Amino acid sequence: MSDASPDPADVIAAALARLRARRLPPPGAGGGRHHGDPSHGDLHRGIHADMHQRGRRGIPDPFDPRTMPAPGMPWSGAHGRFGGPARVRLLEALAAASTPLSVSELAERIGVDQPRASRLVQQCVGLGFVRREADPDDARRTRIVLTEQGNAVISGFRGNRRAAIEDALAEFTDAERAELARLLTKLADSWGR
Numbered sequence: 001m002s003d004a005s006p007d008p009a010d011v012i013a014a015a016l017a018r019l020r021a022r023r024l025p026p027p028g029a030g031g032g033r034h035h036g037d038p039s040h041g042d043l044h045r046g047i048h049a050d051m052h053q054r055g056r057r058g059i060p061d062p063f064d065p066r067t068m069p070a071p072g073m074p075w076s077g078a079h080g081r082f083g084g085p086a087r088v089r090l091l092e093a094l095a096a097a098s099t100p101l102s103v104s105e106l107a108e109r110i111g112v113d114q115p116r117a118s119r120l121v122q123q124c125v126g127l128g129f130v131r132r133e134a135d136p137d138d139a140r141r142t143r144i145v146l147t148e149q150g151n152a153v154i155s156g157f158r159g160n161r162r163a164a165i166e167d168a169l170a171e172f173t174d175a176e177r178a179e180l181a182r183l184l185t186k187l188a189d190s191w192g193r
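The numbers in the UniProt record's numbering rise by one with no breaks, and the one at position 93 of the sequence shown is 93.
Here's what the structure looks like:
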């Protein structure tokens, strides 16, 4: 692998983040690929329910941001352990954006409706992770900006996520790491088409 090639662990982390950010439609909502099998809906509901039961059965998800605290961050109290994946997706969307985003743009990027995005922004403002600033092009709108503390949170999550991926890849050869990175990227590219 040349020095110009991205590290497979970074590629895998990016693909997993893209897959996590995309939500499946609720069971019975249509869409997706049914393939004409009537049991498919039951299977999907079972898998979906199983995914939500993981934590309740004591099986930690190594990529669940709620289980990966960054050093020195406020993970307990009235907001629980950081507050869940939606806040992490919001902060990651802001970190990935080249310019501040509106609440509507954030809603679209993290896969929630505008009222939910507005509540998430308000919670993150209260925690000091983001701040609102006036949109220079339209005084009626505000843009959301990641604060220094918000950047520290995301850096901590990315470091912990990267360490978890490195641990999981410990038994993989370099060729296997590269192939997994390629396949996960391909899956993320075609998910939801």
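Ideal Cβ positions, reconstructed from N, Cα and C, are used throughout, including at glycine. Owing to the predicted nature of the structure, the values given are computational and were not obtained by experimental measurement.
- By DSSP's assignment, Asp135 forms a beta bridge with Asp138.
- With contacts defined by Cβ atoms closer than 7 Å, Arg18 and Ala188 form a contacting pair.
- Pairing Asp137 with Ile110, the inter-Cα distance amounts to about 24 Å.
- Non-local C-beta neighbours of Gln149 in its own chain, meaning closer than 7 Å and more than five positions away in sequence, comprise Gly128, Phe129, ordered along the chain.
- By DSSP's assignment, Leu94 forms no beta bridge with any residue.
- With a cut-off of 8 Å on Cβ pairs, the region 92-104 is not in contact with the region 164-180, counting fewer than three such pairs.
- Pairing Val145 with Arg131 gives a Cβ-Cβ distance under 7 Å.
- Non-local C-beta neighbours of Ala134 in its own chain, meaning closer than 7 Å and more than five positions away in sequence, comprise Thr142, ordered along the chain.
- Collapsing the DSSP output to three states places Val153 in a helix.
- The beta carbon of Asn151 sits closer than 8 Å to those of Ala95, all from its chain and outside the five residues before and after it, given in chain order.
- Across the structure, Asp10 and Pro115 are spaced so that their CA atoms are roughly 32 Å apart.
- Under the three-state reduction of DSSP output, Leu169 falls in the coil class, being neither helix nor strand.
- Residue pairing by DSSP places Arg143 opposite Glu133 in a beta bridge.
- If you look at Pro115, you'll find it in the alpha helix (DSSP H) that goes 114-127.
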